[in-house]
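These protein sequence lines are chains A and B, in that order.
Quick note: the first sequence uses the working numbering, first residue 967, plus one each step.
Quick note: the second sequence uses the working numbering, first residue 144, plus one each step.
A virtual CB, placed ideally from N, CA and C, is assigned to each residue, including glycine.
Note that this is a predicted model, so its numbers are computed, not measured.
Written below as structure tokens is the structure these notes are about.
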Amino acid sequence: MELFGINPAILVASLMVAAVPILLAAIGELVVEKAGVLNLGVEGMMIMGAISGFITAVHTGSPALGFLGGALGAMALSLVFALLTQVFLANQVATGLALTLFGLGFSSLMGQGYNGIKPPRTPSLPFGPLEQIPFFGRVLFSHDWVVYASVAIVAAVWAVLRYSRAGLILRAVGESHDAAHALGYKVVRIRVLAILFGAAMAGMGGAYISLVRVPQWTDGITAGAGWIALAIVVFASWKPWRVLVGAWLFGGITVLQLNLQAAGSRIPVEYLSMSPYLITILVLVIMSSGRGRAGLNAPASLGQNFHASR
Amino acid sequence: MTQDISADVLLAIEGIGKSYPGVRANDDVTFRIGAGEVHALLGENGAGKSTLVKMIYGLVKPDEGHMSLRGAPYAPAEPRAARAAGVAMVFQHFSLFEALNVAENVALGMDDPPPMRDLEARIREVSEGYGLPLDPARLVGDLSAGERQRVEIVRCLLQDPKLLIMDEPTSVLTPQEVEILFGTLRQLAAEGTSILYISHKLEEIRALCDAATILRRGKVVGTCVPREVSARAMAEMMVGASLNAPARATGELGPVALTVERLSVASPSAFGTSLKEVSFEVRQGEVLGIGGVAGNGQDELLAALSGEARTGRDVVRVHGRGIGHLGPNERRQAGLCTAPEERLGHAAAPDMSLVENALLSGAVRKGLVRRGFIDWPGTRAFAEAVVKTFDVRTPGTGTAARALSGGNLQKFVLGREILQEPGIIVVNQPTWGVDAAAAAFIRQALLDRAAKGAAVVVISQDIDEILEIADRFAALNEGRLSAPVPVAGLTLERIGLMLGGAHGMHKADVHAAEVAHAET
């Protein structure tokens, strides 16, 4: 079964894999933004996660520890952002951009001497006979644990935001930090925790690129994935399951573009490369034109610094 | 005075003091609240009422003094501790989340909320038990101001409080809603809950409260039993001076200056109110008061008059000339100046100096920009004239607007518009959050402008203010404007009905109208 020289089962299976980094980074950023913080440093945190994860995995020989190292590396970087924006009340947009620039440079420094090394392999999970089911075996049961974990994290974030008290408090802080403070919630502490969670997700996403997708280390390996993750959060209008859809859509376009190139298609790849961003712009226009429910979904305190006055 | 028997004292406050850099917010404050008592805390803006209740609610720690609750020492480190001790608070602003529903808002104010489904049932039960019906599933952003307040009250009641603190609860309510609220509060007091009621509306306090403590500049300056003293006596204790009602010259009205005909504008904000076929005219030398409960289209009306929202050319006319299609600067040129409600961020740019803020609005009429270059000496002189004429207390005109107190900034904003000598001036909530002395000054300035032949439109939620200065009154209700009626001979009952209230007036409010009439 082939369409334009592309096998749909392989296409779907590989888009699920291709989407993992942006999916993890986007679900983390969603939590951060739901708490009212706009962290534009996702790209920087991802690449810090990519190099820290790579170094950890190479030295320990364990990919699982590599993902942990990636998360910790990105969290360390995000602490700089948390300190500047939550304690010193620096502008979030400027600080986030600086974080990306710093992360790109610093990862490059850390990565000296790691070029050309192969990291330990992350194997697919064994599903036995299930892998033999036509089409679905390839699509659903041929992946490594991170793919399944990323979907599970989306489900967990959705459930926590929707049903738990912690999620309610997080949303409340992002909605109106003044009101949350007046009720006695620790706005800064909650936001710092959200920033750390976002960084851990971005770091794991980055580590997935250097440990599984590529898998090796080169400078600037994330190649803009962090920016796509930021776009997905807006595209998804801050809803977890739509983040999953968005990540698969954007990941799918990346894979399709590679496959079309390989199949010698006549559609210039540049159109496909720009399509995620065009779709995001389109969604933004549609969202903001209708003043209804969709437009309301953005956290009301997004990007505003909180300072407890009298 | 009312509570000598210590057994009946719920909360005792002894010698509480709190300082901020440059300000002594509270100084040796001592008073007691009895069990089941409705106790009023009276004072002007800046008298230290808010700081005091924040200390009782655990949001701020006192520098000195101590409190005791039912005889036991009470020093809440955070609101959670205060709630655990049985102290609940209904805030004036900033404590509801518009994008969350009623049940979620209530849950956020509780320390150990039951599961959502049980909570929804409890909300229904309690809200109906106290005559404050609420639908737990509705978004708070879609509720009226009165319903939002119910959410806050129900949130407190679910925790079975011993002391309920209410900060300016009636500022957003219609007279009819006030009566419902008072009924609830009396029921609570009868059940043994003490209420600390903060307000500067004296007639309400006389109708509701058993005892009152009056604060001025952070100190207790008196206590009284509100039922036994007149509103004027309490006001004078509050201000520390005798108050003068604004004087007005009765002159002949000139020709029609401002005409608005069938003005319909969609609100730019999702939770706003669209205007529907608003029509009125104002003559030279006349003051038109537009009353209404917050969120009934006041902001949208001001935007349509200032030029922020544009309409058809002939919908808004100045001296017969259509200006509906023009922007704010062209309207200023035509002699129409406006001052919006929100001082910081709308009327004034918070981080810019007073000189720069004076330029932003005064550039056109005062000729402060020549060939694209700013005339800084002229602008400075204009800003200094505003500061001097309107007694704006500021270190200098180079100070950022943000650094001024609310009342002073309001004087600056209104002075800036009035000194441009517009033929028509439109103001929204000119004395909101301004102390009595400054409010009297602002009202007098508006009347003086009218006496010089300007047409004045005052949009206000303060009915007493409108009765005091307006010639004619119109009510804004859900974006529709009633036909203007002369203020002379208007009863509060009639006003309540015009504002959209349904039935049943409160005695105290009728009385307030009589007082207001007596003073004008």
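Collapsed DSSP secondary structure at residue i in the structure displayed
i        : result
N244(B)  : strand
G478(B)  : coil
E1236(A) : helix
S1203(A) : coil
T542(B)  : coil
I1119(A) : helix
A150(B)  : Per-residue confidence for A150(B) stands at a pLDDT of 49, beneath the threshold of 50, marking its modelled position as unreliable; no derived number is given.
G208(B)  : strand
F1093(A) : coil
Y163(B)  : strand
W1124(A) : helix
F234(B)  : coil
D442(B)  : helix
H104(B)  : An answer regarding residue 104(B) cannot be provided, because it is not within the stretch 144 to 663 covered by chain B.
M648(B)  : Unreliable positioning characterises M648(B) in this predicted model, as indicated by a pLDDT of 32, which lies under 50. The coordinate reading is nonetheless provided below. Here M648(B) sits in coil by DSSP.
E484(B)  : coil
D1110(A) : strand
S1044(A) : helix
A250(B)  : helix
E611(B)  : helix
G158(B)  : strand
W1183(A) : strand
E424(B)  : strand
Presumed contact (8 angstroms Cβ cut-off) between residue i and residue j, rounded CB distance
i        : j        : result
L306(B)  : L185(B)  : The pair is not a contact, with the Cβ atoms about 18 angstroms apart (cut-off 8 angstroms).
P493(B)  : A526(B)  : At roughly 16 angstroms, the Cβ-Cβ gap does not stay under 8 angstroms, so P493(B) and A526(B) are not in contact.
V1211(A) : V1199(A) : Between V1199(A) and V1211(A) the Cβ distance is about 12 angstroms, and since that is not below 8 angstroms, they are no contact.
R349(B)  : P369(B)  : 5 angstroms
L1004(A) : G1269(A) : 4 angstroms
L345(B)  : I602(B)  : Their Cβ separation, rounded to whole angstroms, is 24 angstroms, which puts L345(B) and I602(B) out of contact at 8 angstroms.
Q302(B)  : A231(B)  : 6 angstroms
V556(B)  : R486(B)  : 6 angstroms
M380(B)  : V363(B)  : At roughly 11 angstroms, the Cβ-Cβ gap does not stay under 8 angstroms, so M380(B) and V363(B) are not in contact.
Contact under 8 angstroms by Cβ, residue i with residue j
i        : j        : result
P1086(A) : A1023(A) : yes
G1140(A) : S1018(A) : no
G541(B)  : S496(B)  : yes
W1207(A) : L981(A)  : no
P219(B)  : G208(B)  : no
I638(B)  : G434(B)  : yes
F1072(A) : T1061(A) : no
G465(B)  : D457(B)  : yes
A1040(A) : M1076(A) : no
G994(A)  : A1173(A) : no
A985(A)  : G1217(A) : yes
I1175(A) : P987(A)  : yes
V507(B)  : R475(B)  : yes
Start-to-end residues for the alpha helix (DSSP H) that takes in residue i
i        : result
P325(B)  : The residue asked about is misnamed: residue 325(B) is Phe in this sequence, not Pro. Its alpha helix (DSSP H) spans residues 318 to 333.
G1172(A) : 1153 to 1174
L497(B)  : 497 to 509
H1147(A) : 1143 to 1148
E268(B)  : 259 to 272
N551(B)  : 549 to 561
T366(B)  : Segment 362 to 367 is the beta strand (DSSP E) holding T366(B); no alpha helix (DSSP H) there.
F584(B)  : 579 to 594
Status (buried if at least 16 other CB within 10 Å, exposed otherwise) for residue i
i        : result
L401(B)  : buried
F1054(A) : exposed
N1081(A) : exposed
T634(B)  : exposed
L1244(A) : exposed
G463(B)  : exposed
I1021(A) : buried
I156(B)  : buried
E395(B)  : exposed
K509(B)  : buried
G333(B)  : The sequence as given places Ala at residue 333(B); Gly does not occur at that position. With fewer than 16 Cβ atoms within 10 Å of its Cβ, A333(B) is classed as exposed.
V459(B)  : buried
V1059(A) : exposed
Beta strand (DSSP E) segment containing residue i, residue limits
i       : result
S342(B) : 337 to 342
M309(B) : 306 to 310
E187(B) : Where E187(B) is concerned, there is no enclosing beta strand (DSSP E), given that its DSSP letter is neither H nor E.
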